[in-house]
Amino acid sequence: MPNSSKNLDALLRRRFDSILNAWIAAQSSEGVLRRDLMRESEIRQQSRAILDALATSVSRVDINERIDLDADEWADLKQLLKEATDRRVERGFTPSEMATFILSLKQPFFEGLTNELADSPSDLLKQAWSISRILDQLGLYTNEVYIAEREEIIQRQQTEMMELSTPVVQLWDKILALPLIGTLDSVRAQMVMENLLQAIVERGAEFAIVDITGVPTVDTLVAQHLLKTAAAVRLMGAHCIISGIRPQIAQTIVHLGVELPQVVTKSDIQSALAHALRQMQAQTYAQTQHGPLFAELGHHRG
Amino acid sequence: MDEFDPGAGEVQIFEVQDCLLVAIQEDLDDRAVLDLQDRLTERISKTHARGVLIDISALDVVDTFIGRMLGSIARMAAILDAASVLVGMRPAVAITLVELGMHLDEVRTALNVDRGLRLIREQIDGRAAGNGR
Chain R
85 MPNSSKNLDA
95 LLRRRFDSIL
105 NAWIAAQSSE
115 GVLRRDLMRE
125 SEIRQQSRAI
135 LDALATSVSR
145 VDINERIDLD
155 ADEWADLKQL
165 LKEATDRRVE
175 RGFTPSEMAT
185 FILSLKQPFF
195 EGLTNELADS
205 PSDLLKQAWS
215 ISRILDQLGL
225 YTNEVYIAER
235 EEIIQRQQTE
245 MMELSTPVVQ
255 LWDKILALPL
265 IGTLDSVRAQ
275 MVMENLLQAI
285 VERGAEFAIV
295 DITGVPTVDT
305 LVAQHLLKTA
315 AAVRLMGAHC
325 IISGIRPQIA
335 QTIVHLGVEL
345 PQVVTKSDIQ
355 SALAHALRQM
365 QAQTYAQTQH
375 GPLFAELGHH
385 RG
Chain Y
3 MDEFDPGAGE
13 VQIFEVQDCL
23 LVAIQEDLDD
33 RAVLDLQDRL
43 TERISKTHAR
53 GVLIDISALD
63 VVDTFIGRML
73 GSIARMAAIL
83 DAASVLVGMR
93 PAVAITLVEL
103 GMHLDEVRTA
113 LNVDRGLRLI
123 REQIDGRAAG
133 NGR
């Protein structure tokens with residue numbers, strides 16, 4: 085075992101309890117011992133486990149080398165830190181409180197080292213530097229865990245929002261409606277389109293009403309997305325009606341020079357539904373005129 | 003015209019009353035599309051078909067070439083006085099075509115074969131006004 089590691093290791097073993105006590109005292113004086121969020125016995129238990137794992141890790145590596153937290157020697161300690169961070173995040177600790185929790189371990193170490201190596205200042209400095217590096221890394225690691233945790237929450241919420249934001253409702257036999265609410269960005273527009281087309285296939289819809297009453301602003305990009313959706317719906321063999329066009333939006337569309345050819349636009353969902361029903365009635369009429377022929381033709385398909 | 007040869011990779015054309023039914027069974031390569039275009043136009047003029055129905059529900063992959071050819075076939079059919087309709091396009095294919103900027107405005111579409119035949123019938127009988135376009 086390298087000499088420097090041995091010193092630190094020995095120090096940790098010999099003065100484990102005093103370091104632990106000093107650490108908790110330091111946490112208290114730094115103001116991160118949040119008794120309002122966590123019981124002191126729990127904090128003590130957590131701190132003991134972390135310190136113990138730290139001692140084990142330090143005994144296994146050469147701390148004068150580059151500290152690689154991804155190495156196996158640090159796995160147990162990292163797992164402990166992750167759990168501690170997760171638990172603290174849940175209870176509302178801030179990331180800096182979390183980092184300070186780890187960094188407050190410096191003071192007890194420095195004090196312990198000062199006592200041990202009082203007669204050899206160069207060793208003392210070296211050891212202090214080593215432990216400082218390790219603790220900094222660990223502090224940063226808790227920060228990373230914290231951010232990852234948050235990131236995950238954001239991701240989950242985003243997915244949930246996406247799922248919530250594109251409901252396809254069946255208004256009538258063969259008539260689907262898609263009430264859009266909120267801003268339409270590319271990702272969402274893509275999802276809206278996919279959902280709508282899938283629903284058209286599944287329910288054999290002939291009309292798809294896209295209601296944009298809840299879309300606050302329509303710019304070229306949004307208009308482009310609407311146009312694409314309408315075109316795709318038509319390619320599938322259904323008709324697209326865009327409803328809920330406010331005067332403001334009508335103005336914008338014209339000013340932007342966006343053309344909406346082949347798309348029926350209606351001011352509200354009611355007139356869109358009326359339009360669809362009228363069209364279907366016309367079809368039914370045509371159908372009754374040629375009923376027998378269709379039946380005959382229909383039988384020939386695979 | 004060469005006799006119809008149901009060789010591998012060749013798209014079959016069925017005659018149903020006064021319509022031609024094309025059921026594309028697998029993804030097409032460029033040669034197969036050109037071949038289909040040749041044979042279909044021949045067939046339309048030979049049989050005096052009034053309508054052409056192209057079922058692409060099995061088509062999974064499209065590119066600009068196939069998209070363009072689907073459009074051309076519709077236009078050619080129209081010139082040969084046959085109503086045409088494209089049926090059963092998959093959502094993924096529709097999205098791809100739209101993203102490629104191919105809206106195929108000249109092509110009539112329907113969700114399935116049944117509705118496609120109905121559409122053709124309407125068009126043949128000159129009652130196309132009521133189809134909502």
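Which chain is which? The protein sequence lines are R and Y, in order.
First residue of the first sequence? That's 85 in my numbering, and the numbers climb one at a time after it.
First residue of the second sequence? That's 3 in my numbering, and the numbers climb one at a time after it.
Backbone N, C-alpha and C define an ideal beta-carbon position, used for all residues, glycine too.
Since we're looking at a predicted model, the values are computed, not measured.
| query | result |
| --- | --- |
| Compare the C-beta of Val285 of chain R against all C-beta atoms of chain Y and say whether one is closer than 8 angstroms. | yes |
| If we call anything under 8 angstroms between Cβ atoms a contact, is Leu255 of chain R one with Ile231 of chain R? | no |
| State yes or no: is the C-beta of Leu262 of chain R within less than 8 angstroms of the C-beta of Val271 of chain R? | no |
| Less than 8 angstroms separating the beta-carbons of Leu113 of chain Y and Ala322 of chain R? | yes |
| Would you kindly report the start and end of the unbroken alpha helix (DSSP H) that includes Phe67 of chain Y? | Thr66 to Ile81 |
| Would you kindly work out how many angstroms separate the C-alpha atoms of Gln367 of chain R and Thr349 of chain R, rounded to a whole number? | 20 angstroms |
| Assign Thr226 of chain R to buried or exposed, taking buried as 16 or more other Cβ atoms, counted over all protein chains shown, within 10 Å of its Cβ. | buried |
| Give, in chain order, every unbroken run of the alpha helix (DSSP H) that is at least 4 residues long and sits entirely within the segment 131-158 of chain R. | none |
| Please list the residues of the segment 83-99 of chain Y that have a C-beta atom closer than 7 angstroms to any C-beta atom in chain R, keeping them in chain order. | Val89, Met91, Pro93, Ala96, Ile97 and Leu99 |
| Could you tell me which of R:Gln242, R:Met277 and R:Ile127 sits nearest to Met182 of chain R, measuring between CA atoms? | R:Ile127 |
| What residues in the segment 113-126 of chain Y have a beta carbon less than 8 angstroms from any beta carbon of chain R? | Leu113, Asn114, Val115, Asp116, Arg117, Gly118, Leu119, Arg120, Arg123 and Glu124 |
| Using a Cβ-Cβ cutoff of less than 8 angstroms, which residues in the same chain neighbour Arg123 of chain R once the five nearest sequence positions on both sides are dropped? | none |
| How many Å lie between Lys162 of chain R and Val229 of chain R at the Cα? | 10 angstroms |
| Could you please tell me which residues of the segment 291-325 of chain R, in chain order, have their CB closer than 7 angstroms to any CB of chain Y? | Lys312, Ala315, Ala316, Arg318, Leu319, Met320, Gly321, Ala322 and His323 |
| Please list, in chain order, the chain Y residues whose beta carbon lies closer than 8 angstroms to that of Pro288 of chain R. | Checking the sequence shown, residue 288 of chain R turns out to be Gly, not Pro. Leu113 and Asn114, listed in chain order. |
| Against chain Y, does Leu344 of chain R count as a neighbour if the rule is that its beta carbon must be under 8 angstroms from one of theirs? | no |
| With a threshold of 6 angstroms on Cβ separation, who are the neighbours of Leu311 of chain R within its own chain once the five nearest residues in sequence on each side are excluded? | none |
| Report the neighbours of Gln469 of chain R on chain Y: residues whose CB is nearer than 8 angstroms to its CB, in chain order. | Lying outside 85 to 386, the shown extent of chain R, residue 469 of chain R is not represented and no answer is given. |
| For Ser86 of chain Y versus Ile56 of chain Y, is the C-beta distance shorter than 8 angstroms? | yes |
| For Gln332 of chain R, which three-state DSSP category applies? | helix |
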